[in-house]
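Numbering (the working numbering), first residue to last: 1 to 169.
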């Protein structure tokens with residue numbers, strides 16, 4: 001049996017977001033255990049011109065829900081990007097996972113050839129669904145999940161590769 005567009009998108013998005021949620025829990029616990037204000041972790045950046053933790057979580061969420069919706073041919077849910085605390089980031093992840101779980105495999109049937117157009121800063125870019133998923137959406141999603149992980153690890157949160165990957169399945 002061949003892999004479907006659903007198989008290579010929705011379950012990996014849900015898994016990585018669930019792992020990100022667990023990583024954020026460890027970040028919040030670290031702040032509490034160290035007696036530091038959680039905003040120190042929330043507002044950390046790897047470099048001055050890089051977005052802080054909330055934006056990384058928001059972009060991961062946007063990448064997952066945007067990809068799922070575009071491939072399913074439905075409206076992309078709009079979230080306000082106002083999260084500034086660990087509980088708010090957790091709520092954002094939970095909403096995103098809830099949306100992803102509402103997508104049924106049959107909604108993505110044939111999406112490998114569906115035209116996807118993105119309006120990027122440098123102008124519009126057009127993909128077929130397969131190229132969009134494999135060459136843009138998944139790499140972009142994992143970039144932001146990885147960056148969120150890196151930000152917390154950089155601040156001393158005791159997380160490792162298995163936190164990022166999650167339990168073997």
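Glycine is no exception: its CB is placed at the ideal position from the N, C-alpha and C atoms.
Review point. Just to confirm, are residue 17 and residue 27 a CB contact at a threshold of 7 Å?
Key: no
Practice item. Please list, in chain order, all residues of the same chain as residue 144 whose beta carbon is under 6 Å from its beta carbon, the five residues on each side excluded. Key: 56, 59 and 60
Exercise for review: Would you identify the three-state DSSP class for residue 147, choosing helix, strand or coil?
Suggested key: helix
Review point. DSSP state of residue 106, grouped into three classes?
Key: helix
Check your understanding: Taking buried to mean at least 16 other C-beta atoms within 10 Å of its own C-beta, is residue 123 buried or exposed?
Key -> exposed
**Study point:** Validate contact between the region 30–48 and the region 78–90 using beta carbons, cut 8 Å, 3 pairs
**Key:** yes
Check your understanding: Under three-state DSSP, which class holds residue 96?
Key -> helix
**Study point:** Reduced DSSP secondary structure (H/G/I, E/B, other) of residue 120
**Key:** strand
Point to revise | Per-residue DSSP class, three states only, for residue 8 | key: coil
Check your understanding: For residue 171 versus residue 151, is the C-beta distance shorter than 7 Å?
Key -> Past the edges of the chain, shown from 1 to 169, lies residue 171, and the structure says nothing about it.
Check your understanding: Under a three-way DSSP split, which group does residue 62 fall into?
Key -> helix
Check your understanding: How many angstroms separate the CA atom of residue 99 from the CA atom of residue 33?
Key -> 33 Å
Review point. For residue 115, which three-state DSSP category applies?
Key: strand
Exercise for review: Tell me residue 128's beta-bridge partners as DSSP assigns them.
Suggested key: 115
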